[in-house]
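J.: Sharing a structure below in structure tokens format, with a few things to ask.
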């Protein structure tokens, strides 16, 4: 019987996993006039189907659900400060703030995202407008550093073993202090 | 297990803080010199166990060992869990600082309940079963407490409770099996750990 239980545990350990009971994080970025983002758990596992709310000064503006890989998008937003709040259930909630300044000052082609703006740079560059050049440059720059920002954000959520060891040290130290206090009093 | 900041209503938060404070004071009163090493080791054990995520079936879970701690330490579970939870909140952002009271209550109260219920049975049922009941029972009770705190703050109880229950069922079995092994080991290697607590608590 114990062998069977061990085997069952081993088999289940080998199966794929999605997260459930951990630190939740939400990360968002501006893409043209859209706000895109992703919900995930510490360690990088995605929170599929999480409920995502878009807030302005704590008032609900829009609401959506994250897709199978924890990604979500809000379309056609004004440039202003937003808060994104994600709820992955069981009290796993995370928030993220987006400043109005992250939105481009003006967007060349109406409500289209930078992706489609970037696809036709010749047309936009043709009019030699230095402003539009700057906007394009900014958009390309943002796109280039986006993966880096995601990675940095996820790196920050990882658990590091020196922190764990430090925590254990604190625990033993606190109990040591307690027994020292008791010894002095006694 | 770790509810984040900004989810629960103020009354729930306040009740959690008050009850955790009461439990911690009660626990510290019972913290005798000879129990301090056990308390420290079990606190560290809880701290580390809930950081290690074990993939289990369709999801991944982390152990909490609250049944084991309740069985061995009784009311000491409150200060033991509180220290570990404070450090987890500060170091890793697990849960939040304001909800510490509720999180501690949700994990420590089932520990105390399981301990009080199962300790009288210590010599009547096999150690393995005792450990299993403590481990799995405490996890399920914690699941119910988490659902209840969410419900009292406005989330629909039945759907939340269903998710929490099914999510915690594999964990409860795993935790039960591992707690069973640990209790068997302790009763072979150092049975006075279980005896001493039984007579004092």
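Protein chains in written order, with the working numbering: chain A, 10 to 195; chain B, 29 to 229.
Each residue gets a CB set at the ideal place from its N, CA and C atoms; glycine is no exception.
1) Which residues mark the beginning and the end of the beta strand (DSSP E) in which residue 45 of chain A is found?
2) Any contact of the segment 169-177 of chain A with the segment 144-152 of chain B, i.e. 3+ C-beta pairs under 8 Å?
3) So, helix, strand or coil for residue 34 of chain A, using DSSP?
4) Could you check whether the Cβ of residue 76 of chain B sits closer than 9 Å to any Cβ belonging to chain A?
5) What are the start and end residues of the beta strand (DSSP E) that includes residue 72 of chain A?
6) Using a Cβ-Cβ cut-off of 8 Å (strictly less than) and excluding sequence neighbours within five positions of residue 64 of chain A, which residues of its own chain qualify?
7) Specify the secondary structure class of residue 220 of chain B as computed by DSSP and reduced to three states.
8) How far does the beta strand (DSSP E) with residue 62 of chain A in it extend, from its first residue to its last?
9) Does any C-beta atom of chain B lie closer than 9 Å to the C-beta of residue 68 of chain A?
10) For residue 78 of chain A, count neighbouring C-beta atoms within 10 Å of its own C-beta (all shown protein chains included) and say buried if the count is 16 or more, exposed if not.
11) Excluding five sequence neighbours on each side, which residues of the same chain lie with their C-beta closer than 6 Å to the C-beta of residue 55 of chain A?
12) What separation, rounded to the nearest whole angstrom, lies between the Cα atoms of residue 100 of chain B and residue 143 of chain B?
13) Report the three-state DSSP secondary structure of residue 80 of chain A (helix, strand or coil).
14) With a threshold of 9 Å between beta-carbons, can residue 97 of chain B be considered close to chain A, or not?
15) List, in chain order, every chain B residue whose beta-carbon is nearer than 9 Å to that of residue 181 of chain A.
16) Have a look at residue 59 of chain A and residue 47 of chain A and give me their C-alpha separation to the nearest angstrom.
17) Is it true that the segment 123-137 of chain B meets the segment 208-219 of chain B, where meeting means three or more beta-carbon pairs spaced less than 8 Å apart?
18) Check whether the Cβ atoms of residue 86 of chain A and residue 44 of chain A sit closer than 9 Å, and answer yes or no.
19) Whose CA, out of B:192, B:199, B:215, B:45, lies closest to the CA of residue 97 of chain A?
20) Could you tell me whether any Cβ in chain A is nearer than 9 Å to the Cβ of residue 139 of chain B?
T.: Taking the definition as stated:
1) 43-50
2) no
3) strand
4) yes
5) 68-74
6) 70, 91, 92, 93, 94
7) helix
8) 60-65
9) no
10) exposed
11) 49, 78, 79
12) 7 Å
13) strand
14) no
15) 68, 69, 71, 72
16) 10 Å
17) no
18) yes
19) B:192
20) no
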